[in-house]
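Here is the structure we will look at, set down as structure tokens.
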Amino acid sequence: MKISIIYVSQTGTTEEAAEYIQDGIMAKHPFIQVKAMNVRENEVDMDFLAESEAVIFGTPVYFSSMSWELKKWFDHSYQINLNGKLGAAFVTAQSPTGGADTAIMEMLRHMLVKGMMVFSGTGQDSAHKFQIGAVGIGKNMGQASEQFEKFGECIAQKAVKLFGR
Numbered sequence: 247m248k249i250s251i252i253y254v255s256q257t258g259t260t261e262e263a264a265e266y267i268q269d270g271i272m273a274k275h276p277f278i279q280v281k282a283m284n285v286r287e288n289e290v291d292m293d294f295l296a297e298s299e300a301v302i303f304g305t306p307v308y309f310s311s312m313s314w315e316l317k318k319w320f321d322h323s324y325q326i327n328l329n330g331k332l333g334a335a336f337v338t339a340q341s342p343t344g345g346a347d348t349a350i351m352e353m354l355r356h357m358l359v360k361g362m363m364v365f366s367g368t369g370q371d372s373a374h375k376f377q378i379g380a381v382g383i384g385k386n387m388g389q390a391s392e393q394f395e396k397f398g399e400c401i402a403q404k405a406v407k408l409f410g411r
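Heads up: the sequence shown begins at 247 in the numbering used here, then just goes up one per residue.
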């Protein structure tokens, strides 16, 4: 089984969140191949993405929205078949009221248009409720590490349940 994490990171904060998500997946599901790919650095491995059962998208919040680089990637990825894949979203923001929810919703809308199944990341553990996705606030992502790791774990569990590979 494969899971792609596609993100944009300018200062390293969103990349750090992606790494925590990857750690969460690998800690509980070491048989899953995970690849984190920064759109900004042209790291998207199209073959790995095509073979992935799940794709997790991440972005810093810019003006209550996703980054322009991720928006461009979605707009120009019409040739990429994401239909039937499990999708989830995460953001990093400077403030809890800075538009994190609207940025996540924008990514989810793009996933739905591409035929993806959208998953919030909510697991059975009531302590971790990702209502629409995971959010990290501030420059110290270390404080959110457990949340992002749990987010990755929950998505991997759902992918295993759905695709059983």
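Using N, Cα and C, we set each Cβ at its ideal position, and we do this for glycine too.
Here the structure is a predicted model, which means the values were calculated and not measured.
Quick one: what's Val-364 bridged to in DSSP? Gly-333
N- and C-terminal bounds of the alpha helix (DSSP H) containing Gln-279: Run containing Gln-279: none in the alpha helix (DSSP H); it sits in the beta strand (DSSP E), 279-284.
Please determine, among Tyr-253, Ala-390 and Glu-262, the residue with the shortest C-alpha to C-alpha distance to Trp-319. Tyr-253
State whether the region 335-351 contacts the region 285-293, with contact taken as three or more CB pairs (one from each stretch) at a distance under 8 angstroms. no
Got a sec, what are the start and stop residues for the beta strand (DSSP E) Thr-305 sits in? 300-306
Taking all protein chains shown into account, do 16 or more other C-beta atoms lie within 10 angstroms of the C-beta of Phe-413, making it buried, or fewer, making it exposed? There is no way to answer for residue 413, as the model of the chain reaches only from 247 to 411.
Within this structure, are the beta carbons of Leu-408 and Ile-378 separated by less than 8 angstroms? no
Residue range of the alpha helix (DSSP H) that includes Ile-350: 346-359
Give me whichever residues DSSP pairs with Tyr-253 in a beta bridge. Asn-284 and Gly-304
State the Cα-Cα distance for the pair Glu-299 and Met-312, rounded to the nearest angstrom. 23 angstroms
From the DSSP output, read off the bridge partner residues of Thr-338. Pro-306 and Gly-382
Beta carbon of Met-362, beta carbon of Lys-331: below 8 angstroms? yes
Would you please state the rounded distance, in angstroms, between the beta carbons of Phe-397 and Ile-251? I believe it to be under 8 angstroms. Actually they are not in contact, since the Cβ atoms of Phe-397 and Ile-251 sit about 11 angstroms apart, beyond 8 angstroms.
Nearest CA to the CA of Ile-249: which residue from Ser-255, Gln-256 and Asp-269? Asp-269
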